[in-house]
Amino acid sequence: MFPMIRHNHLLWQEITQASERIDNVQSPEELLEIVESMRKISPLQFDRRDYLLYFVADLILLITGFYLYRETGEGLFLFLLMLALFIGIILAIRFYRREKLPQQLSKKIFQRDLLFDNQIAPIAPETLPIDQLLQQFREFNRGNYRRDIPDLLKGEVPLEGHSHNQPTIDFYYFHFHYIDEEIIEEKDNEGKPKNRKVYHHYHRYGLLLDPTKLTKQPLPTLQISADRKLRVKRSDYLPASISFRKTFSLTTSEQHFAAKILTPTMVEQLLKIGKAFKNLNIELNQQLLIAFDNADIITAEQNYDLTNIDAFILELKEKQTLPQLTAILTFTQNILNSLR
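Residue numbers are given in the numbering used here: position 218 of the sequence shown equals residue 322, and the series is strictly consecutive.
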């Protein structure tokens, strides 16, 4: 009994401390040290016998409460019955969450290593105030109930080619979450009208950069969008490409600027990237924003976890690439170079 409790407590403590350390790591080597530190816990899973005892005790309380309430009808035994049901639900939730902890820690380690491999770092979401973004970009004019940025990453994109000597510009990769509140009119059992609120959650992702450092001249505003929620009925200017006209709408403060940017090569790139990234929206308003629905561009397949530490370490040492991120950054690089 006591070794079981001691093992579970130690494992929970180690997982909690490791998770906190991951938030502050500065290198892949520190991640490997965290993985190595988990060797002292074996097996790397919780002993389920403690919850088995809890469930048995709760089942006894449930049966006792049910039997006594059926025999006497007293409210006290009904309370015991309901209490047993409530405790059972809480136990099930806590058991499920605890079972997931080792797997969640493995995933967190792998994801952090993935960011290191691609020279990206998590930063505080407050770095990009949502109110400021709302004033600057139509992209964030979504959600009648709530808007927030739960996750924010920072990296660099080279301006020309892929040489280490080329100048770079910082980019932010954001996760934009917004909620629409819908009021549904219904009727109650007596036929009287009543309103019910339903909340719909949506997610958008994208890049944000500051291209004003590339030129001394102020940049005109520009929006190219394949998102039906943002498309305008009549575009200010459109290239000759029929495919482009069917896919995108365009608004700009200077048509000559749009014509300069939308060369035949750039139009082809837009059509290609528009197929890969759903509901693509590009806005230039002091800063450059590229947004889309794709939620999986900062993910990779994970084959091992902390249950096989040696194989997991080998997997972490391998450099993981992000093809979709590379594609959108290459496209972004081409846009930035056209602004210079």
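For glycine and all other residues, C-beta sits at the position ideal for the given N, C-alpha and C.
Which two residues bound the contiguous alpha helix (DSSP H) that contains residue i?
i           : result
residue 187 : 179-221
residue 293 : Careful: residue 293 lies outside any alpha helix (DSSP H) and carries neither H nor E.
residue 372 : 368-380
residue 161 : 153-176
residue 130 : No alpha helix (DSSP H) contains residue 130, which DSSP labels as neither H nor E.
residue 431 : 427-443
residue 363 : 359-365
residue 420 : 413-421
Is it buried or exposed for residue i, if we count other Cβ within 10 angstroms and need 16 for buried?
i           : result
residue 266 : Only weak support exists for where residue 266 lies, its pLDDT of 47 falling under 50; the value from the coordinates is given anyway. Looking at its Cβ environment, which holds fewer than 16 other Cβ atoms inside 10 Å, residue 266 is exposed.
residue 355 : buried
residue 183 : exposed
residue 247 : buried
residue 177 : exposed
residue 179 : exposed
residue 217 : buried
residue 425 : exposed
residue 142 : buried
residue 277 : buried
residue 363 : exposed
residue 190 : exposed
residue 271 : exposed
residue 346 : exposed
residue 401 : buried
residue 242 : buried
residue 287 : exposed
residue 197 : exposed
residue 365 : buried
residue 228 : exposed
Taking 8 Å as the cut-off, decide whether the C-beta atoms of residue i and residue j are in contact.
i           : j           : result
residue 388 : residue 440 : no
residue 149 : residue 226 : no
residue 310 : residue 395 : yes
residue 303 : residue 249 : yes
residue 279 : residue 305 : no
residue 275 : residue 290 : no
residue 220 : residue 132 : yes
residue 444 : residue 367 : no
residue 374 : residue 416 : no
residue 292 : residue 298 : yes
residue 437 : residue 257 : no
residue 114 : residue 138 : no
residue 112 : residue 429 : no
residue 185 : residue 166 : yes
residue 393 : residue 312 : yes
residue 213 : residue 119 : no
residue 359 : residue 211 : no
residue 252 : residue 281 : yes
residue 380 : residue 344 : no
residue 209 : residue 122 : yes
Could you spell out where the beta strand (DSSP E) holding residue i opens and where it closes?
i           : result
residue 391 : 391-396
residue 115 : No beta strand (DSSP E) contains residue 115, which is instead part of the alpha helix (DSSP H) from 106-126.
residue 354 : 353-356
residue 301 : 297-313
Here's a check: name, in chain order, each residue in its chain whose Cβ is nearer than 7 Å to the Cβ of residue i, leaving out the five neighbours to either side.
i           : result
residue 181 : 169, 172 and 173
residue 202 : 150
residue 156 : none
residue 154 : 108, 109 and 112
residue 117 : none
For residue i, I'd like the list of residues in its chain whose CB is within less than 6 Å of its CB, leaving aside the five on either flank, ordered along the chain.
i           : result
residue 192 : 162
residue 329 : 335, 353 and 385
residue 377 : 435
residue 129 : 135
residue 404 : 218 and 424
residue 433 : 261
residue 283 : 247, 249, 250, 303 and 305
residue 397 : 382 and 383
residue 339 : 353 and 354
residue 408 : 415, 416 and 419
residue 199 : 155
residue 357 : 324 and 325
Considering only residues of the same chain and omitting the five flanking positions on each side of residue i, which have a CB-CB separation below 8 Å?
i           : result
residue 317 : 273
residue 390 : 240, 314, 316 and 323
residue 106 : none
residue 158 : 195
Whole beta strand (DSSP E) elements within the region 235-279, 3-residue minimum:
Runs of the beta strand (DSSP E) lying entirely within the region 235-279 and spanning at least 3 residues, in chain order: 250-262.
Entirely within the region 321-351 and at least 4 residues each: give me those alpha helix (DSSP H) ranges in chain order.
Counting only runs of at least 4 residues, the region 321-351 fully encloses the following alpha helix (DSSP H) elements, listed from N- to C-terminal order: 346-351.
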